[in-house]
């Protein structure tokens, strides 16, 4: 679970950097590299999160607890977040197109 939070911290830092004037002044190619790194880190974060949820579910099951509802909720949140990110990138690409 610690690995998940480390990845989340890195994701948050890079996301914050996306609003930095230095990032905004970079070429499209450089911006895309940063965004690609962010997406890769988010995928890693997702995998680590899934592993953490699995570990917690196994721990809870050992004590007779059922985390199925929480797991479904997390899956829904991840799906919504993925759609939101796709929308953000589509909007960004439209803004980047020459007028």
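In this note's numbering, the protein residues as written are 101 to 199. Backbone N, C-alpha and C fix where the C-beta goes; we use that ideal spot for every residue, glycine too. Bear in mind the structure is a predicted one, so any value in this text is a computation, not a measurement.
- Outcome for residue 105 when other beta-carbon atoms lying within 10 angstroms are tallied against a minimum of 16: exposed
- Return yes when the Cβ of residue 161 is within less than 8 angstroms of the Cβ of residue 171, no when it is not. no
- Item | Minimum C-alpha distance to residue 138 - residue among 120, 126 and 113 | That would be 113, whose Cα lies nearest to the Cα of residue 138.
- Query: Going by alpha carbons, who is nearest to residue 116 out of 134, 130 and 103?
  - Reply: 134
- Between the CA atoms of residue 187 and residue 163 - distance to the nearest angstrom: 41 angstroms
- Can you tell which of 195, 111, 127 and 152 has its C-alpha closest to the C-alpha of residue 141? 111
- For residue 145, is the classification buried or exposed, using 16 other Cβ atoms within 10 angstroms of its Cβ as the cut-off for buried? buried
- Message: So for residue 163, helix, strand or coil by DSSP?
- Response: Residue 163 falls in the coil class under three-state DSSP.
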